[in-house]
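Down below is the structure, laid out as structure tokens.
Numbering (mature numbering (1 follows the signal peptide of the UniProt record, and there is no 0)), first residue to last: -21 to -1, 1 to 115.
In structure tokens:
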């Protein structure tokens, strides 16, 4: 009798853990930005913002009031990051309808950064420092 209960409990805990995981490529995640580095003029701006990843379909960068800064359509995504609470990396090939580029999101040793590179003339490059995130 104990064995079926143990198996059922193990299955239940596995399903709950999977539901709790925040897979970056399949879940909508709001990344809360604390500061932004603009590579064009080599400046840091300490200003709250939000970056939202909608699985493998779309990325949005918004100011603290929710007004859009930039929106990107995802063309392709490389990487496997099954839990945003753990170290991982994903890189998106993106377009904003005018230019193409890449966006990478990386968590390493509890620090999360988002790097945006847009192939405009001149090239636009940003690094966003993330203070926390949540699933939507």
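Ideal placement from N, C-alpha and C gives every residue a C-beta, glycine not left out. In this text, all values refer to a predicted model and were calculated from it rather than measured experimentally.
| Item | Value |
| --- | --- |
| Which value, in whole angstroms, describes the spacing of the CA atoms of residue 69 and residue 85? | 7 Å |
| From the DSSP output, which residues share a beta bridge with residue 67? | 86 |
| Determine the extent of the beta strand (DSSP E) in which residue 60 is found, giving its start and end residues. | Looking at the DSSP string, residue 60 is not in any beta strand (DSSP E), and its letter there is neither H nor E. |
| Compare the C-alpha of residue 89 against each of 67, 104, 78, 74 and name the closest. | 67 |
| If the criterion is Cβ atoms closer than 8 Å, does the pair residue 23 and residue 91 meet it? | no |
| Once the 5 residues before and after residue 83 are set aside, which same chain residues still bring their CB inside 6 Å of it? | 70, 94 |
| Residue 28 and residue 48 - do their beta-carbons sit closer together than 8 Å? | yes |
| What do you reckon, are the CB atoms on residue 114 and residue 7 nearer than 8 Å? | yes |
| Since residue 97 contacts residue 78 with CB under 8 Å, what's their CB separation in whole angstroms? | 5 Å |
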